[in-house]
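First to last, the sequence lines map onto chains Z and S. Position 183, counted from 1, in the first sequence is what my numbering calls 183; the numbers after and before it change by one each time, with no gaps. The number in my numbering is simply the position in the second sequence, starting from 1, with 203 added. From the three backbone atoms N, C-alpha and C, an ideal C-beta is built for every residue, glycine too. Every value quoted in this text rests on a predicted model; they were computed, and no experiment measured them. What follows is a short report on a single structure.
Number of protein chains: 2
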Amino acid sequence: MSRHPDERLAQLTELFASLPGIGPKSAARIVTDLLVQRPDVGRALSRALADTLQSVSRCPCCNTLTTEGLCPTCADAERDKSVICVVETPADQLAIESSVAYRGSYFVLMGRVNPMNGVGPKELGVDRLIARAKVAGVREIVIATSYTAEGETTAHMLLTTLKKYVPDVRVTRLARGLPAGIEIEFTDAATISAAILDRQAKG
Amino acid sequence: MSRHPDERLAQLTELFASLPGIGPKSAARIVTDLLVQRPDVGRALSRALADTLQSVSRCPCCNTLTTEGLCPTCADAERDKSVICVVETPADQLAIESSVAYRGSYFVLMGRVNPMNGVGPKELGVDRLIARAKVAGVREIVIATSYTAEGETTAHMLLTTLKKYVPDVRVTRLARGLPAGIEIEFTDAATISAAILDRQAKG
Numbered sequence: 001m002s003r004h005p006d007e008r009l010a011q012l013t014e015l016f017a018s019l020p021g022i023g024p025k026s027a028a029r030i031v032t033d034l035l036v037q038r039p040d041v042g043r044a045l046s047r048a049l050a051d052t053l054q055s056v057s058r059c060p061c062c063n064t065l066t067t068e069g070l071c072p073t074c075a076d077a078e079r080d081k082s083v084i085c086v087v088e089t090p091a092d093q094l095a096i097e098s099s100v101a102y103r104g105s106y107f108v109l110m111g112r113v114n115p116m117n118g119v120g121p122k123e124l125g126v127d128r129l130i131a132r133a134k135v136a137g138v139r140e141i142v143i144a145t146s147y148t149a150e151g152e153t154t155a156h157m158l159l160t161t162l163k164k165y166v167p168d169v170r171v172t173r174l175a176r177g178l179p180a181g182i183e184i185e186f187t188d189a190a191t192i193s194a195a196i197l198d199r200q201a202k203g
Numbered sequence: 204m205s206r207h208p209d210e211r212l213a214q215l216t217e218l219f220a221s222l223p224g225i226g227p228k229s230a231a232r233i234v235t236d237l238l239v240q241r242p243d244v245g246r247a248l249s250r251a252l253a254d255t256l257q258s259v260s261r262c263p264c265c266n267t268l269t270t271e272g273l274c275p276t277c278a279d280a281e282r283d284k285s286v287i288c289v290v291e292t293p294a295d296q297l298a299i300e301s302s303v304a305y306r307g308s309y310f311v312l313m314g315r316v317n318p319m320n321g322v323g324p325k326e327l328g329v330d331r332l333i334a335r336a337k338v339a340g341v342r343e344i345v346i347a348t349s350y351t352a353e354g355e356t357t358a359h360m361l362l363t364t365l366k367k368y369v370p371d372v373r374v375t376r377l378a379r380g381l382p383a384g385i386e387i388e389f390t391d392a393a394t395i396s397a398a399i400l401d402r403q404a405k406g
């Protein structure tokens with residue numbers, strides 16, 4: 001697609017097109033939407049983005065993004081602080097919250113191990129996770145990284161580090177297996193293989 | 204997906220999710236990208252959006268969005284001002300520019316006829332198009348609306364209005380027919396039907 005002939009509009013479109021998941025055509029539609037149909041939303045977005053960039057920081061307890069010092073999840077007294085679930089991103093944490101199957105606390109790595117980009121245990125704040133795990137009363141750490149190559153590498157790094165520094169804390173990993181609502185016929189071989197290896201005794 | 208527990212981050216995510224083509228998961232990824240990986244891009248986007256909203260207006264000649272008074276296309280002395288191509292949106296104009304087959308001027312409706320939403324000739328600035336068509340030297344108006352229901356309605360409205368007020372100006376419509384690079388086998392019946400009706404004598 002040609003570049004917008006108006007320089008400012010072209011720059012604004014390119015900024016939107018640089019965001020993850022947005023191509024040049026979507027970016028052009030977004031710019032028209034915000035400038036013509038909904039300028040009030042455009043102003044609100046500009047303001048919310050500037051304000052949040054100014055006030056955002058990392059939660060001192062779980063490392064997630066927060067604009068309120070201690071994040072609402074860590075500040076929640078109802079949460080079971082004896083279990084820490086380690087996730088890669090805030091989005092992963094939200095997905096686990098949606099399941100309503102977990103009421104413990106979290107630690108958000110804000111990334112995964114990636115030696116090519118210089119992301120290792122230090123960048124992921126693993127020393128702070130260990131410090132928290134050493135607090136009396138922590139009895140389990142659930143590793144909830146994805147079953148992808150990078151997620152597995154991250155899980156392996158966490159497992160060896162935790163076993164070394166907090167050997168008394170139980171370390172678990174989210175179960176692998178068949179996803180809900182998908183027929184076995186259409187499930188990939190790696191998932192079926194994992195479901196067979198980790199099969200559960202019943203009855 | 205659960206709502207982000209931090210109120211400001213939840214609001215910022217919802218603003219991004221309200222943009223065309225962005226769902227809640229993409230919005231969450233964009234927010235993390237702008238707050239963690241690329242805060243400089245976040246600041247640039249907030250500033251560019253605010254500045255553009257402040258300075259944007261409609262080109263007095265072709266009705267498109269511009270931040271510079273007369274838009275660069277209308278200000279271009281090399282353009283053939285005797286032909287006016289009428290398009291629905293700036294994105295349509297960019298697509299036509301990409302084809303490099305047209306060197307005339309434009310009129311951008313910034314929408315299409317939609318009686319349900321109260322969008323008619325007045326909202327699309329058709330009176331200004333007629334005023335421009337009446338200028339000595341304008342010999343052709345190319346209607347380049349899409350071959351969709353709304354685009355066809357808009358084309359019909361333009362055709363009858365132009366025939367009434369500027370009967371001496373030639374009015375044309377972009378050719379219908381087979382798209383380039385697509386096999387006939389996979390082309391829809393309406394397009395094939397149009398290609399047969401509008402077939403061209405050769406040789």
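For F186/Z, there is no enclosing alpha helix (DSSP H), as DSSP marks it with neither H nor E.
Secondary structure note for D80/Z: its beta strand (DSSP E) is the uninterrupted segment 80-87. Within the same chain, A133, V138, R139, E140, I141, L162 come within 8 Å of V169/Z by CB-CB distance, once the 5 residues on both sides are set aside. Counting only residues of its own chain and dropping the five nearest sequence neighbours on each side, V369/S has a CB closer than 7 Å to the CB of I333, A336, K337.
In terms of CA proximity to L400/S, A378/S leads the group A378/S, D295/S, G272/S. Just measuring C-alpha positions, the residue of Y106/Z, C71/Z, P72/Z sitting nearest S82/Z is Y106/Z.
D209/S is classed as buried because its beta carbon has at least 16 other beta carbons within 10 Å across all chains shown. Using a CB distance below 7 Å, the part of the stretch 210-221 of chain S facing chain Z consists of R211, L212, Q214, L215, L218, S221, ordered along the chain. Excluding the 5 residues flanking it on each side, V119/Z has same chain C-beta neighbours closer than 8 Å at G111, R112, V113, in chain order. The continuous beta strand (DSSP E) containing S105/Z extends over residues 104-108. Listed by position along chain Z, the residues whose Cβ is nearer than 7 Å to that of E300/S are S2.
Counting along the chain, I233/S sits inside the alpha helix (DSSP H) bounded by residues 227-235. For R8/Z, the enclosing alpha helix (DSSP H) stretches over residues 7-17. Between the stretch 242-250 of chain S and the stretch 38-52 of chain Z, the count of C-beta pairs closer than 8 Å reaches three or more; the two stretches touch. For C274/S, at least one C-beta of chain Z is nearer than 8 Å to its own C-beta.
Rounded to whole angstroms, the separation of the alpha carbons of L65/Z and D127/Z is 18 Å. Among the CB atoms of chain S, none fall inside 8 Å of the CB of P121/Z. Excluding sequence positions up to five before and after I299/S, its CB lies within less than 7 Å of the CB of C288, V290, Y305, A347, all in the same chain and listed in chain order.
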